[in-house]
Amino acid sequence: MSGGVKRIALFGKGHELWPVAAVLGRSLPAGIEIIVVEAPGHDRAIPLTIRLDDPLLARLAIMAEEFQDMDSAVLALGTELRDWRGEGSRFFLGGSGRLPDIDDIAIHQIMLRAALAYDQPDRLDYLCQPFRVPARLAAAGKFAFQASDPRSPLSMIRPTIQIGSDDYAALLKRRIASERMEIVEGAPRAVSLASDDGSIDRVELDSGHLVEADFYIDVSGLLSGLAGPLPTSGWHVLSDALPFDRLLSVRKAGASSQPPAVAQAVSGGLLITTALGNETISQLVCASGDAAGRGQQWLRAGVEETPFAPGFARQPWTGNLARLGSASACFGPFLSADITLLHRQAVLLEELLPTRSDMRIEAGEFNRRHLMAAEHIRDYMLLPFALNGRDDAPWSGIRNGDLPDSLAIRLEQFRSRGRFVAFESEIFDEQSWIDLMIGFGVVPERYDPMARSLDMATTARRLRNLASAFDQALASVPE
Amino acid sequence: MNDRPSQTVREIVIVGGGTAGWMTAAALSRKLAGMDSSICLIESAEIGTVGVGEATLPQIREFNRMLEIDEAELMARTSATIKLGIEFRDWGRAGDHYIHPFGVHGEPIGPADFHHYRARQNAVAGAGDFGEYCLPIVAARQDRFALPPTDVPSPLQAYSYAFQFDASLYAAFLADYATARETERIEGKVVSVASDGESGFIRSVKLESGQSIQGDLFIDCSGFRGLLIEQELATGFDDWSEWLPCNRAFAVPCAIADPVGPYTRSTARNAGWQWRIPLQHRIGNGHVYCDRYISDEDALDLLMTNLEGEPIAHPKQLFFRTGKRRKLWNRNCVAIGLSGGFLEPLESTSIDLIQSGILNLLALFPEKQCAASDVDEYNRLMDLEYDRIRDFLMLHYVLNQRDEPFWRDMREMAWPDSLRAKIEAFRRRALVPHYDHGLFQPASWLSVFIGQNLLPESWDPRVDSLPAEELAARLQQIRSSVESAVRRMSGHSEFIERYGATFAASQAGVA
């Protein structure tokens, strides 16, 4: 095998740095050295929500039990979306797997047929509710792990862990085989570039220490800033769809009596409240200059303010520098999209580690698959914004804005005939998309004509039996 | 109660029989049962069918399952043999041979995909033939077969299979199926088409007899001529002959001389390639070629001198142009089969493209007005399917090391960027295309890459974590497991007999 990459340098901090370090440390052969450069200082913890079936946790064989001793960790089933469709509205968004079909016809198509047949399209949401397992469990104040038996309704749920970023970083740092990597503390101060191809030769830290490697990974943005910014054309700006530019955070000590995670639409922005085991953190994304209405009032004392520029890089790996995490994307706190993308990137990077100095093939494939993941996350995150029912700013403007093509196809197909469009390498569950669209008031204009082939009397009986099985499964879960 | 009855497609007209027409009729008659829709298929005994594809892909088993067709009965009625893959001879260099299997190579050894481990071992100490790590390949070479286990004990045994059958008998079998489910067969030739002046929708077709047949939805299965989709709707054709230049074929059946293996064979020739598809009662043969590089006479001669048994019919010449309609669904007309497009018979994709067309139509089955969103989505999905198959077919041609002008030109032509990227990714880093929805999965790409001598220059560095001795032992263990599993299989002919799938030629009216 051709030589080339013998030393990898990883730059970053905290909860972004250690997942990547843990994955690389676990799988690299002895002949490749890793130097981890951890930026100094201590950022205040932010809440992270991570699905227990996340591919990075699977890769590192991290089980739910490992979180249970951590002060901040809370198990949950999803996020409650409040006031998005208007004051007082509620919708629980959780990972929902895939519902069984009835004679190859999706359940929501059958319900749609029933609703349209009786000229009551608005009842579609109500008719689908018995089959929303995570929402029903959450409403009953219950929690369950995903059942391994695919026949169980509980196999549909996708539990999450809500955890402080500092605890999460510490957990992963403990898993690092320290003999496998050199860990230094420092921030990059200057970067020397090769004169021929512009790749990074070496990095000088603020301590004067020189870091030389064949391949550089930046998960903080500090190194990327010194190496030269990505061209503007390489950054997909989300400010049209998400017209927010600042993030305000406030914390309250102690556990909360609120549901574990609430994303509340408020005048001027989005307020996200995440209950951890030892504190409750509220985060408001809003536009500077906006009074941010009620949201602002709720964040009176102890407000931390950070700039917020939603978007993502189209080609985060250029030359011998791969940008991950906040160096490559910013989605903000809603649905913990940033950590979701970072984990995908880390697993992808592990699969595509370069083997020689010409890394164009690996970079091209990484960028292609990163872009798919980022677009899936963007679309899923934007969907409730696009379907919001509020009349105040900025919500009505968001609703009337342009959609990315892929999201437009999904919405058009669902609005037209209730069909879910699956693209390559989906991240989110089919039923979650469907529940979200129906729950946010999308009533398809027509149902799948194939649903006409069902005898509705027989089908109604089968649906009742199915709903009854769901009831029993949910009843068996302890309070 | 409002069930939108006025929008329901009541009358479906399929123009053309053959494999495409009857597969469509069978599927629609099954899935639309109880929906108060009529299906009418118009065909003429005077118009011959091309009889595309006697070899199939494993996806056809899903189609048959959807129709609840008994496999043994199907095999007995269509003279079917089992197909575990396609053997390619002389495609890289003269003398080379490999099998593209319906199963995977190897099993997980570590975090990287199996072929990375094998690539390392091959570079260091040699790793034997890639096919030795694949159960269906070893079984095919030994003329053995067993149904795949339902509870798969190891990824090694997660293989599938398809059929090699007489496509005209398959069409006849499905005709029985569809007509038993109220598909009306009308004998006749379409002489004119009436369309709505405003919408451009087809309203009826008129037969030579004077009979007029109205419909809400028309399925064009009329073959290359595209009677509705092109002659009436002038949809346009994307010509891909620049990339897939073979444009003619001779086909001839011959008697069985050698044992009938459970695989199709494709042998590269000077200006094209020759197929061999063994059925229970005969062997189908054909020579696909490009007329810019060889005369018809020489092409026929090459075919006839390379038959393994006595010819049992006159050779039939076929003319085609590779490519696809610009829209496979236009207004209220869906083109399925050759009317929609034709690529190459090389990987048995013709019947699969029919199947994709049908399944996508079922998934997007319209109301009378054929909403633009349904039409656009159908065309998007089918375009994706065609593009990906095109790249995979081209891969066989461009990865050759032969000296003839045809092969040299194929190697040196401008490849689509999408294909070039895939080849470079494998050459440089052993990366293999992977799709959620594509027809050809990594095992298929790997077979051709390695079978046609494209060896990766580097591989996933994670494989270097495994000590050399352990890697060699694991690879040997996999080969032994494959051998042992194949030894437990029965012979292919024995399987057909025991399965109750023996062809009764006399019942089928076949000599």
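So the sequences go chain by chain: H and X.
Residue 845 in the numbering used here sits at position 292 of the first sequence; the count goes up by one each step and never skips.
Residue 380 in the numbering used here sits at position 367 of the second sequence; the count goes up by one each step and never skips.
Yeah, the Cβ is synthetic: ideal placement off N, Cα and C, and Gly gets one too.
- At a cut-off of 9 Å between C-beta atoms, E904(H) counts as an interface residue with respect to chain X.
- Three or more beta-carbon pairs separated by less than 8 Å are not found between the segment 125-144 of chain X and the segment 210-220 of chain X, which leaves the two stretches without contact.
- DSSP places F644(H) within a strand segment (E or B) once states are collapsed to three.
- At a Cβ-Cβ threshold of 9 Å, D387(X) and L377(X) count as neighbours.
- Taking a C-beta cut-off of 7 Å against chain H, the contacting residues of the segment 34-48 of chain X are K44, L45, A46, G47 and M48, listed in chain order.
- Residue pairing of F453(X) in beta bridges, as defined by DSSP: absent, with no partner found.
- In the DSSP assignment, R604(H) falls within the beta strand (DSSP E) that extends over P600 to R604.
- Boundaries cannot be given for A193(X), as no alpha helix (DSSP H) includes it and DSSP labels it neither H nor E.
- In the three-state reduction of the DSSP assignment, M48(X) falls in the coil class.
- Put simply, the CB of M1003(H) is near chain X, with a gap under 9 Å to one of its CB atoms.
- Under DSSP, S802(H) takes part in a beta bridge, and its partners are Q836(H) and E857(H).
- The DSSP-derived three-state label of K96(X) is strand.
- Chain X places a beta carbon closer than 9 Å to that of G917(H), counting this residue as a contact.
- Within the segment 81-140 of chain X, the complete alpha helix (DSSP H) runs of at least 4 residues fall at 84-91 and 127-138.
- Contact of R612(H) with chain X is assigned, a C-beta pair being separated by under 9 Å.
- Here V499(X) is buried. Its C-beta has 16 or more other C-beta atoms within 10 Å.
- Under the three-state reduction of DSSP output, C267(X) falls in the strand class.
- Between S1006(H) and I658(H), the gap from beta carbon to beta carbon is short of 9 Å.
- Only residues of its own chain outside the window of five on either side were considered, and among them R415 have a CB closer than 8 Å to the CB of R421(X), listed in chain order.
- Comparing alpha-carbon positions, the option among S279(X), D389(X), C267(X) and P272(X) lying closest to K329(X) turns out to be C267(X).
- Straight-line spacing of the CA atoms in P446(X) and V203(X) works out to 44 Å.
- The Cβ atoms of I892(H) and A926(H) do not sit closer than 9 Å to each other.
- Using a CB distance below 9 Å, the part of the segment 468-498 of chain X facing chain H consists of E470, S471, W472, D473, P474, R475, V476, D477, S478 and L479, ordered along the chain.
- Here F967(H) has F973, M990, V995 and P997 as same chain residues with Cβ atoms under 7 Å from its own Cβ, once five neighbours each way along the sequence are excluded.
- Looking at the DSSP output, G565(H) bridges to E591(H).
- Residue pairing by DSSP places C383(X) opposite no residue, since no beta bridge is assigned to it.
- The beta carbon of R401(X) sits closer than 8 Å to those of Y448, G451, L452 and F453, all from its chain and outside the five residues before and after it, given in chain order.
- Neighbourhood of Q966(H) in chain X, by CB distance below 7 Å: S386 and E390, in chain order.
- Around the Cβ of D759(H), a 10 Å sphere holds fewer than 16 other Cβ atoms; the residue is exposed.
- With contacts defined as CB atoms closer than 9 Å, Y172(X) and G116(X) qualify as a contacting pair.
- Here the alpha carbons of S222(X) and R501(X) stand approximately 59 Å from one another.
- For the segment 409-441 of chain X, the residues whose beta carbon sits under 8 Å from a beta carbon of chain H are, in order, A434, E437, A438 and R441.
- Judged by DSSP secondary structure, H300(X) falls within the beta strand (DSSP E) whose first and last residues are I296 to Y302.
- Taking 9 Å as the CB threshold, V461(X) stays off the interface with chain H.
- Listed as beta-bridge partners of R338(X) by DSSP are F250(X).
- Between the alpha carbons of D304(X) and V461(X) lies a gap of roughly 26 Å.
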